[in-house]
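Since the structure comes first, as structure tokens, the remarks are kept for the end.
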Amino acid sequence: MNTDKLSNRLEMVASFVPVGARLADIGSDHAYLPCYLAKKNLIDSAIAGEVVEGPFVSASKQVQADGLSNKITVRMGNGLDVLQPGEVDCITIAGMGGALIASILERGKAKLENVKRLILQPNISAISIRLWLIENGWELLEEEILEEEGKIYEILVAEKGDPLSAYSNEKDRSLLFGPFLITRQQDAFMKKWSIERDNWKRIYEQLDHAANTVETLQKKQDLFQKINWAEEFLPQ
Ligand code: SAM
Numbered sequence: 159m160n161t162d163k164l165s166n167r168l169e170m171v172a173s174f175v176p177v178g179a180r181l182a183d184i185g186s187d188h189a190y191l192p193c194y195l196a197k198k199n200l201i202d203s204a205i206a207g208e209v210v211e212g213p214f215v216s217a218s219k220q221v222q223a224d225g226l227s228n229k230i231t232v233r234m235g236n237g238l239d240v241l242q243p244g245e246v247d248c249i250t251i252a253g254m255g256g257a258l259i260a261s262i263l264e265r266g267k268a269k270l271e272n273v274k275r276l277i278l279q280p281n282i283s284a285i286s287i288r289l290w291l292i293e294n295g296w297e298l299l300e301e302e303i304l305e306e307e308g309k310i311y312e313i314l315v316a317e318k319g320d321p322l323s324a325y326s327n328e329k330d331r332s333l334l335f336g337p338f339l340i341t342r343q344q345d346a347f348m349k350k351w352s353i354e355r356d357n358w359k360r361i362y363e364q365l366d367h368a369a370n371t372v373e374t375l376q377k378k379q380d381l382f383q384k385i386n387w388a389e390e391f392l393p394q
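The sequence shown begins at 159 in the working numbering and counts up one residue at a time.
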């Protein structure tokens with residue numbers, strides 16, 4: 159991967175950035191995503207945010223090496239702290255857990271007022287993001303799922319709007335599997351949830367041997383529900 163050729167995962171994230179965006183890429187690491195978009199003249203400007211010094215230095219070096227310092231600013235700080243209100247209109251946060259992405263958005267809420275689009279790529283727990291979007295008035299517009307080098311990634315795109323419009327029926331099920339993804343049932347989707355279903359079954363069987371506390375029973379009930387949901391679309 160370099161700033162001319164992204165991974166398929168980051169290329170998919172990039173494809174959702176509106177042309178001419180003022181972008182913030184939070185947790186940018188090597189700043190590959192903003193550099194790629196700036197080189198192709200697809201964005202107006204970008205801020206690459208990093209909380210850790212090593213990746214911050216890598217991002218700064220990459221931006222300089224690509225001669226993009228006039229378009230991309232690299233800033234060190236936690237989440238959206240690196241932004242001034244109104245500075246960007248699109249935010250990408252990719253390659254972290256869903257709970258961390260949701261906590262970055264929650265902590266940085268004040269910086270989201272003029273942001274039009276969020277493009278979020280959780281490695282796990284996309285449900286944490288779907289819940290945060292609903293609670294904060296963001297409408298899920300599109301979802302993608304892809305497999306690369308043995309890992310399966312989800313991408314969520316949201317804009318301000320009706321937070322429940324994507325969830326016409328079976329909201330709890332759609333929160334877990336993704337309201338768009340569940341209707342498409344692509345290979346990566348089927349593979350991801352087949353692996354998860356097998357894990358849930360294994361845990362369920364282990365809990366069969368555990369003491370019957372309220373907590374155990376609740377866990378089993380939750381797993382039973384999720385296994386049933388998955389088996390509505392997975393081959394047995
Ligand atoms: N976004 C790139 C990608 O998708 O390939 C890099 C992903 S890398 C696995 C995650 C990066 O997020 C790390 O460089 C880490 O330092 C950064 N990070 C984690 N928490 C952060 C936070 N609260 N604010 C800013 N950056 C953060």
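Just so it is clear, CB atoms sit at the ideal spot from N, CA and C, and this is done for glycine as well.
Since this is a predicted model, take the numbers as computed values, not measurements.
Nearest residue (CA-CA) to residue i, options the options
i: threonine 250; options: Asp162, Val171, Lys269, Leu164; result: Val171
i: aspartate 345; options: Gly308, Leu263, Tyr362; result: Gly308
i: aspartate 187; options: Asn357, Asn236, Pro243; result: Asn236
i: leucine 314; options: Tyr325, Ile287, Leu381; result: Ile287
i: glutamate 271; options: Gly244, Leu238, Lys384, Asn327; result: Gly244
i: methionine 348; options: Pro393, Ala217, Ser216, Val209; result: Pro393
i: isoleucine 277; options: Leu226, Gly185, Phe391, Gln343; result: Gly185
i: leucine 195; options: Val215, Ile361, Lys229, Ser216; result: Lys229
i: lysine 359; options: Phe335, Asn199, Gln379, Ser173; result: Gln379
i: serine 326; options: Gln222, Leu298, Val246, Tyr311; result: Leu298
i: lysine 198; options: Val215, Ser173, Glu390; result: Ser173
i: glutamate 389; options: Glu264, Leu263, Asp356, Lys329; result: Asp356
i: glutamine 242; options: Ala368, Leu258, Ala223, Lys267; result: Lys267
i: lysine 318; options: Thr341, Lys329, Asn294; result: Asn294
i: alanine 189; options: Asp162, Ala217, Ala368; result: Ala217
i: phenylalanine 391; options: Asp224, Glu363, Thr341; result: Thr341
Simplified DSSP assignment, three categories, for residue i
i: serine 165; result: coil
i: glutamate 307; result: coil
i: lysine 121; result: Not covered by the structure: residue 121. The range shown for the chain is 159 to 394.
i: glutamine 220; result: helix
i: glycine 253; result: strand
i: threonine 371; result: coil
i: lysine 318; result: strand
i: alanine 260; result: helix
i: serine 286; result: helix
i: proline 213; result: helix
i: proline 280; result: strand
i: glutamate 390; result: helix
i: methionine 234; result: strand
i: alanine 182; result: strand
i: aspartate 345; result: helix
i: alanine 172; result: helix
Cβ distance (whole Å) where residue i is taken to contact residue j below 8 Å
i: proline 321; j: tryptophan 351; result: Actually they do not touch by this definition, with Cβ atoms about 24 Å apart.
i: isoleucine 201; j: valine 175; result: 7 Å
i: glycine 256; j: isoleucine 292; result: The pair is not a contact, with the Cβ atoms about 14 Å apart (cut-off 8 Å).
i: proline 337; j: alanine 316; result: In fact, because the Cβ distance is near 12 Å, the residues do not count as touching under 8 Å.
i: glutamate 306; j: asparagine 166; result: 5 Å
i: glutamine 343; j: tyrosine 311; result: The pair is not a contact, with the Cβ atoms about 17 Å apart (cut-off 8 Å).
i: alanine 274; j: leucine 238; result: Residue identity check: residue 274 is lysine in the sequence provided, not alanine. Incorrect: roughly 15 Å between the Cβ atoms, too far for contact.
C-beta contact flag for residue i and residue j at 8 Å
i: glutamine 220; j: cysteine 248; result: no
i: leucine 168; j: alanine 252; result: yes
i: aspartate 183; j: glycine 212; result: no
i: leucine 339; j: glutamate 300; result: no
i: serine 203; j: arginine 180; result: yes
i: leucine 226; j: leucine 191; result: no
i: lysine 384; j: leucine 365; result: no
i: leucine 375; j: isoleucine 361; result: no
i: tryptophan 290; j: arginine 331; result: no
i: phenylalanine 334; j: isoleucine 303; result: First, the residue type needs correcting, since residue 334 is leucine and not phenylalanine in the sequence shown. No, these two residues do not count as a Cβ contact at 8 Å.
i: valine 246; j: isoleucine 205; result: yes
Heavy atom of the ligand ADP within 7 Å of residue i beta-carbon
i: glycine 237; result: Looking for the ligand ADP in the displayed structure turns up nothing; the ligands present are the ligand SAM.
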